[in-house]
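Student: Submitted below is the structure of interest, expressed as structure tokens.
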Amino acid sequence: MTPYRVSVHIVPRKGLLDPQGKAVTDALHTLGFAAVGDVHVGRHLVIETGAADATAAERSVRDMCARLLANPVTEDFEIAAVVAA
Amino acid sequence: MTPYRVSVHIVPRKGLLDPQGKAVTDALHTLGFAAVGDVHVGRHLVIETGAADATAAERSVRDMCARLLANPVTEDFEIAAVVAA
Amino acid sequence: MTTAVPRPGDPVITPALVAEHGLTTDEYDRLVRMLDRTPTFTELGIISALWSEHCSYKHSRPVLRTLPTSAPWVLQGPGENAGVISIGDGLAVAFKIESHNHPSAVEPYQGAATGVGGILRDVFTMGARPIAMLNSLRFGSLETPRVRYLVAGVVKGIGDYGNCVGIPTVAGDVMFDAAYEGNPLVNAMCVGVLREDELIRAKAEGVGNPVIAVGARTGRDGIHGASFASEDLSEENEAKRPRVQVGDPFTEKLLLEASLELIRSGHIVAIQDMGAAGLTSSSAEMAERGDVGVTIDTLKVPVREAGMTPYEILLSESQERMLVVAKRGHDAQVKAILTKWDLTAEVIGEVIAEPVYRVTEGDRVVAEFPGTRLVTDCPQYHPEATESAAAVARRARDVHAIAPLAAEADPAWTLERLLQAPTIASKQWIHRQYDSTVRTNTVIGPGAADAAVLRIRGTKRALAVKTDCNGRYVFLDPRVGGRIAVAEAARNVACTGATPRAITNCLNFGNPKKPEVFFQFREAVYGMGDACRALETPVTGGNVSLYNENPQGAVYPTPTIGMVGVLEDAAHATRLTFSEPGDAIVLLGENTDELGGSEYLAWVHGVVAGAPPACDLGGEKRLIDALLAAIRGGHVRSAHDCSEGGIAVALAECCMADRDRPTGARVDLAPWRALPERAVLFGEAQGRVLLSTADAPAVLALARSHGVPARVIGEVLTAEHGLRIAGLGRELNVSVSRIAEAYHEALPRAMARAVAESVTRDPALAGGTA
Amino acid sequence: MKVGVISFPGSNCDEDALLAVVEHLDEDAVLLWHKDHDLQGADIVILPGGFSYGDYLRAGAIARFSPIMQEVVAHAKRGGPVVGICNGFQIACEAGLLPGALLRNASLQFRSMPVTLRVENTETIFTRAAEPGAHLIMPIAHGDGRYTADEDVLDRLEGDGRIVFRYVDALGAASAAANPNGSMRNIAGVANETGTVVGLMPHPERALEPLLGSTDGLVLFRSLLAGVHA
Ligand SMILES: Nc1ncnc2c1ncn2[C@@H]1O[C@H](COP(=O)(O)OP(=O)(O)O)[C@@H](O)[C@H]1O
Ligand SMILES: [Mg+2]
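Residue numbers (the numbering used here), protein chains in the order written: chain P, 1 to 85; chain G, 1001 to 1085; chain L, 2001 to 2770; chain W, 3001 to 3230.
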């Protein structure tokens, strides 16, 4: 078992109302960041887990996402990085 | 001005209590993911912004983080990616 | 002779280190005499915390001693985690208010949230189940983005914490004034109910009894928060940010249930929150109350991070922790209860016969103090108190000479403007973020009456609760302002039909070493005492928060009062709004020509001057008695006191505070036409209540028999008739929807600008508590 | 009849729900501990409001894995009645007992206030004593109440009459102004295919006494009895 640090992005499904993203966009415009277009706000999880190898670590985190970390009705997830810790 | 998509991670500062991370860790253990160590839950923002070049895009988003997006007292941020959109 | 020796790696004790710990040379010398040797670093840290103002009351105690604290119904006065009064039927109420001003200035969300958590623990450690939360807030001008950010963060912090634990937040008060710029006040109050025979005190006793740390693990957060609360807020302090603590309301909820189960189990003798100065103050205070020795091994304390030193463990202000003294041999049962609630409990020490306070790290003694009076053996100060010449001049100013603005020719303009003052405008933007109905006891929640009303299950009774304090009055005349704070809180509670019973208070003042600040402090406390004696509402506890300053000087002296009253019959609970067209409107009390210290002067003219309105405590008592007699006689449909904005604002609120059920009114103030018009309409004369009644003769007769001036001044109409006030100069005539809009939209409009900013940094954005 | 109210860690309306049954229906009710695997013979299960597991990660996401939830799901599969109130609704959605999900209020703020509900379907265990189209006033108190599902799921729910409650204004219109959280189609509560599992965001257990301002929740709790005693 090697320790891995797996980084996951969980993002609201496209097309759903995103009041958080909109609030951030508005606030940035108010602050004068005029060049800002859309902003999307999701979760970033870093999971420390032991696994035989990087593939196993990633597989295990995918499983966690499917079962708990992401809501299948409203969210998508992607594994952003798998690094040996 | 080129459109860029800048991805940011905002994470709870080390040493501060992270009740959410702990709750997720406990839940993953309950689900049988025994190899999981610590879990940290932060935010993942994707900001679309126009900038002269990638460096300028990154600089601008750093500024947004310092002034608005990250809580200077409780959070740290890092720029995860800058890609031309 | 004591035995503690420095740990390897401890910093050497130097004058600079002593100063950094906030101790004066005299205080340090006293410590050395007490130990008869140089203190260890750990000992210096302990004393720095225990002798901070926050823990020791070294500047305030002699003045506080003058307050009345007893009455037949007081079961527990000051000195415990919370005060307790009996409410009959074998039931009692525990309540307490506390400040979290400096943490909230630095990190509004967590600062306010952990303030709520701390006061909740103070109440449930008495064996009481919390049934209500209140909050008293003071901010700078809403015109500045920083203030809006603070407001949004503080309100969200209070809401998220209380909502999650499941205690309704039912009342409070909020004022905005540039005087609070940079140093907001965030005072949170909790009220709980217990059976008298379940009352437990935080008094360590029984040699050999184990001392147990319970709840969350100890981390490096908030180290030296108590001393932090006892310093000015400066830019340098902004840099001390790692001191912020993060609250976990979920763990608090578990701790609440576990603690109540523990107290009822009979396995423990004492329990106390690890609040300011954490393990140090809780253990020292419990030992002191029981006059016993105690020993603690820091290696046994469950920690969150590796490598924590005894110094850090002792001074950490990690939240959601308790210290328990269990009965000898019962530690396994204590652990079992905590385990059931998924919390930890570890025996970390014991009560000992030897009169010392000893801390070890395994076998090594790292701190040892002789005696059991570690907290009260601190030095006491009697600072100089003198009123500044500027204050005298400010009060003496003739405010009637201030020329009205041209627009004021129409009093409707002035009324509308006042209704938009954030201090007066509806606070619904705030309290709709608070769950006010959970636990199904809320008879009247926020915004609908002068105080909140909660029924007491299993009885006919109800409680009325409210916080109040007009710091501007205290600033202009501390003695009178102190009296008014109590009188207004009592009047508010009485307007709902409750007999005012007792108070808790949170004394928010500036640096006590400044003679003019200490004068304010002393006089305000004297004034509070005067009123508490006159109104028979003893002080059962409170909190002192000094060093509330910004670069311009001290904030307004703000002795926030948290009042608790009892309704014998919940069915008498009375709201502030008119409801039945045709009802007579009665004014109890007298209009006067007073204008000093008014919101009118501050908001319309930018002037804070003049003498605050006079406070006739005998008259206030008679007013309350008459009002309560009328309510209990079933004669009163609504009751509302006149406060900021005067009688015109009060009448407007009676018509439209409940926006869904507006009414109109026709009022004639001709009996006071000899007085200056704007003083009658917008002056803040004390001792006045507006009520609506279907039986005016009965109300007038009761008022007469109590010696209270009373007059029918008008009639409730339907909303289409608008609000009309005649009899003075030009008639005031406004549409109800127009004033409702002014009153209800002011705060949402101001805060709309801030929402985006605050949600952006919302820690809950990543999920987390809603 | 016996009602089981689940106490999750962080539930804070469990006692209110228990009292609703005991004091206002005069029926038996027990608190069921989340770590247990026993419904203690409860005929009806209530998933109460609160912040189970602090609502960390997502409201209801962690609670659904509590040991007792296996029994609750089995009970529901057998056709046993389950009512989810507020956090209980969120848990029921997370557990797949009801379709959709509850997201952060569109205002991004917690909302505590009375709302008016229209009863859209009187053929569920929680509405069968109500008049079709009845308007009920009761409090909401939530930060995550924005009901969300795919459009085709919503169409199907609509077609099957599984939208049980909607937020309406004083005139009875399901307007944006009447919607406190931005839920799709003003949905306040939904049912499963058989009408035996019902979830709603508002708190009927807080609207049972004149002293507390509304008695409109009574008809919902009485509905629980209607089938049993009929
Ligand atoms: N921070 C707050 N939290 C909850 N309720 C509040 C808060 N501030 C004000 N309120 C409520 O708004 C109403 C008006 O308060 P206030 O203006 O202080 O009245 P008064 O002037 O009569 O004392 C009261 O019902 C009070 O409890
Ligand atoms: Mg007031």
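Just so you know, even glycine gets a beta-carbon here, dropped at the ideal spot from N, CA and C.
#1: Given a threshold of 16 other Cβ atoms within 10 Å of its Cβ, counted over all protein chains shown, does Gly3172(W) qualify as buried or as exposed?
#2: What I want to know is whether the C-beta of Ala2804(L) ends up closer than 6 Å to one or more non-hydrogen atoms of ligand 1.
#3: Looking at the structure shown, is Pro2671(L) part of a helix, part of a strand, or coil, going by DSSP?
#4: Given this structure, state the Cα-to-Cα distance separating Lys2466(L) from Met2563(L), to the nearest angstrom.
#5: Does the distance between the C-beta of Asp2450(L) and the nearest non-hydrogen atom of ligand 1 fall short of 6 Å?
#6: To the nearest angstrom, how far is the alpha carbon of His3034(W) from that of Leu2254(L)?
#7: Could you check whether the Cβ of Val88(P) sits closer than 7 Å to any Cβ belonging to chain W?
#8: For Ala2770(L), which residues in the same chain have their Cβ closer than 6 Å to its Cβ, ignoring the five residues on either side in sequence?
#9: Among the candidates Leu2299(L), Thr2298(L) and Ala2284(L), whose CA atom is the shortest distance from the CA of Val1995(L)?
#10: Interface residues of chain P around Val1082(G) at Cβ under 7 Å?
#11: Per the DSSP calculation, Thr49(P) is bridged to which residue(s)?
#12: If you measure beta-carbon to beta-carbon, which residues of the region 1012 to 1033 of chain G are closer than 9 Å to chain L?
#13: Ignore the nearest five residues each way along the sequence and tell me which others in Arg2673(L)'s own chain have a CB closer than 7 Å to its CB.
#14: Give the range of the beta strand (DSSP E) segment to which Tyr3247(W) is assigned.
#15: Return the bridge partner residues of Asn2163(L) from the DSSP annotation.
#16: Identify, in the order they occur along the chain, each residue of the same chain with its Cβ nearer than 8 Å to the Cβ of Pro1072(G), setting aside the five sequence neighbours on each side.
#17: Looking at Ala2112(L) and Val2186(L), is the spacing between their C-beta atoms short of 7 Å?
#18: Examine ligand 1 and report whether any of its heavy atoms sits within less than 6 Å of the Cβ of Ile2430(L).
#19: Count the other C-beta atoms from every protein chain shown that fall within 10 angstroms of the C-beta of Ala57(P), then say buried if there are 16 or more, exposed otherwise.
#20: What separation, rounded to the nearest whole angstrom, lies between the Cα atoms of Ala2766(L) and Leu1045(G)?
#21: For Cys3086(W), name the three-state secondary structure that DSSP assigns.
#22: At a cut-off of 6 Å, is Gly2664(L) close to ligand 1 when judged by its beta-carbon and the heavy atoms of the ligand?
#23: Rank Arg2522(L), Ser2282(L) and Phe2475(L) by C-alpha distance to the C-alpha of Glu2384(L) and give the top, closest one.
#24: Restricting to runs no shorter than 4 residues, where is the alpha helix (DSSP H) found entirely within the region 3123 to 3194 of chain W?
#25: Check whether chain G comes within 7 Å of Val2303(L), counting only Cβ atoms and requiring the distance to be less than that.
#26: Just to check my reading of the structure: Gly3202(W) and Ile3140(W) have Cβ atoms closer than 8 Å, yes? What is that Cβ distance to the nearest angstrom?
#27: Give a single yes or no on whether Lys2427(L) has its beta carbon closer than 6 Å to a heavy atom of ligand 1.
#28: Determine the burial state of Val2032(L): buried for a count of at least 16 other Cβ atoms within 10 Å of its Cβ, exposed for fewer.
#29: Please confirm whether Arg2373(L) and Thr2295(L) have their CB atoms less than 7 Å apart.
#30: From Leu2852(L) to Leu2064(L), what does the alpha carbon distance come to, in whole angstroms?
#31: Cβ atoms of Leu2150(L) and Val2174(L): under 7 Å apart, would you say?
#32: Ligand 1 and Val61(P): does any heavy atom of the ligand fall closer than 6 Å to the residue's C-beta?
#33: Is it buried or exposed, Glu2236(L), if we count other Cβ atoms within 10 angstroms and call 16 or more buried?
#34: Is there a Cβ of chain G sitting closer than 7 Å to that of Asp2377(L), yes or no?
#35: Against chain G, with Cβ distances strictly below 7 Å, would Ile47(P) count as a contact?
#36: With DSSP run on the structure shown, which of helix, strand or coil describes Tyr2556(L)?
Tutor: Considering the structure as presented:
#1: exposed
#2: The shown model of chain L, from 2001 to 2770, leaves out residue 2804(L), and the question about it has no answer.
#3: helix
#4: 5 Å
#5: yes
#6: 13 Å
#7: Nothing in the structure corresponds to residue 88(P), since chain P is present only between 1 and 85.
#8: Model confidence at Ala2770(L) stands at a pLDDT of 28, short of 50, so the residue's coordinates are unreliable; what they give is reported in the following sentence. Excluding residues within five positions, none has a Cβ falling inside 6 Å.
#9: This structure does not reach residue 1995(L), given that chain L is present from 2001 up to 2770, and the question cannot be answered.
#10: Chain P residues near Val1082(G): none, gap ~14 Å exceeds 7 Å.
#11: Tyr4(P) and Val1036(G)
#12: Pro1012, Arg1013, Gly1015, Leu1016, Leu1017, Asp1018, Pro1019, Gln1020, Lys1022, Ala1023, Val1024 and Asp1026
#13: Gly2727 and Leu2728
#14: There is simply no residue 3247(W) to check, as chain W begins at 3001 and stops at 3230 in what is shown.
#15: Paired residue(s): none; Asn2163(L) is not in a bridge.
#16: Ala1066
#17: yes
#18: yes
#19: buried
#20: Residue confidence is low: Ala2766(L) scores 38 on pLDDT, short of 50, so the model does not pin down where it sits. Its coordinate-derived value is still stated next. Approximately 10 Å, taken between the alpha carbons.
#21: coil
#22: no
#23: Arg2522(L)
#24: 3151 to 3159
#25: no
#26: Note on identity: in this sequence residue 3202(W) is Pro, with Gly being the wrong assignment. 5 Å between Cβ atoms; contact.
#27: yes
#28: exposed
#29: no
#30: Missing from the structure shown is residue 2852(L); chain L here goes from 2001 to 2770 and no further.
#31: no
#32: no
#33: Note on Glu2236(L): pLDDT 47, under 50, position unreliable in the model; the coordinate value appears next. So Glu2236(L) ends up on the exposed side.
#34: no
#35: yes
#36: coil
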